[in-house]
Amino acid sequence: GTGGAIGPRIRILGEPTRGEDVGAKSEIYRIMNQMARKGVAILMISSELPEVVGMSDRVYVMREGSIAGELHGRDISQENIMTLATGVNDTHHQAV
20 GTGGAIGPRI
30 RILGEPTRGE
40 DVGAKSEIYR
50 IMNQMARKGV
60 AILMISSELP
70 EVVGMSDRVY
80 VMREGSIAGE
90 LHGRDISQEN
100 IMTLATGVND
110 THHQAV
């Protein structure tokens with residue numbers, strides 16, 4: 020077997036701060052940053068755009084069950100996320 024000292028390489032967090040007060044959110048963000056500094060990849064699923072923009076190195080935006088786009092670094096903004104999520108700039112729409 021593997022040793023117990025080996026921690027997870029990835030953590031999946033679904034809506035990690037939903038319903039939490041500001042103090043609790045700050046503590047959750049601190050823990051997430053601490054894990055990331057230790058090399059843990061964090062997959063955060065969140066509908067809170069300021070949280071996504073503030074905490075993410077890379078963002079995948081879903082629309083109608085599929086990945087609508089991927090944003091990196093400085094391209095991560097609430098405006099770009101909403102554009103991908105709503106499809107307002109799509110030049111063509113596929114028939115359903």
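Okay, so the sequence shown: first residue is 20 according to my numbering, each after it adds one.
Where is the CB? At the ideal position from N, CA and C, for every residue including glycine.
key: Length of the line joining the Cα atoms of methionine 54 and aspartate 76   = Indexing the sequence shown from 1 puts residue 54 at position 35. Indexing the sequence shown from 1 puts residue 76 at position 57. Spanning the two alpha carbons is a distance of roughly 14 Å.
message = Cutting at 8 Å between CB atoms, please list the residues of its own chain near valine 59, excluding the five before and the five after it.
response = Taking the sequence shown and counting its residues from 1, one reaches residue 59 at position 40. Only Gly26, Pro27, Arg28, Ile29 and Arg30 meet the Cβ criterion.
task = Spatial neighbours of glutamate 87 within its chain, please: CB distance less than 6 Å, with the 5 preceding and 5 following residues excluded, ordered by chain position.
result = Numbered from its first residue, the sequence shown carries residue 87 at position 68. Inspection of the sequence shows that residue 87 is occupied by alanine rather than by glutamate. The answer, listed in chain order, is Val80 and Leu103.
ask   = Taking the Cβ atom as the reference point for each residue, do isoleucine 50 and threonine 36 lie within a distance shorter than 8 Å?
value = Taking the first residue of the sequence shown as 1, we reach residue 50 at position 31. Taking the first residue of the sequence shown as 1, we reach residue 36 at position 17. No; because the gap between Cβ atoms is not below 8 Å, this pair is not in contact.
query = In the structure shown, what three-state DSSP assignment does valine 115 receive?
reply = On the sequence shown, residue 115 is found 96 positions in, with the first residue counted as 1. Residue confidence for valine 115 is low, a pLDDT of 47 falling below 50, so the modelled location carries little weight and cannot support an answer.
message = isoleucine 95 and leucine 68 - do their beta-carbons sit closer together than 8 Å?
response = Locating residue 68 in the sequence shown gives position 49, counting from the first residue. Locating residue 95 in the sequence shown gives position 76, counting from the first residue. No.
ask   = Helix or strand or just coil, what does DSSP make of glycine 38?
value = By 1-based counting over the sequence shown, the position of residue 38 is 19. DSSP places glycine 38 in coil when its eight states are reduced to three.
task = Could you tell me the boundaries of the beta strand (DSSP E) in which glutamate 89 lies?
result = As a working note, residue 89 is residue 70 in the sequence shown. Going by DSSP, glutamate 89 is part of the beta strand (DSSP E) stretching over 85-91.
ask   = Tell me, which residues are paired with isoleucine 31 by DSSP?
value = Counting from 1 along the sequence shown, the entry for residue 31 is found at position 12. BP columns for isoleucine 31 point to Leu62.
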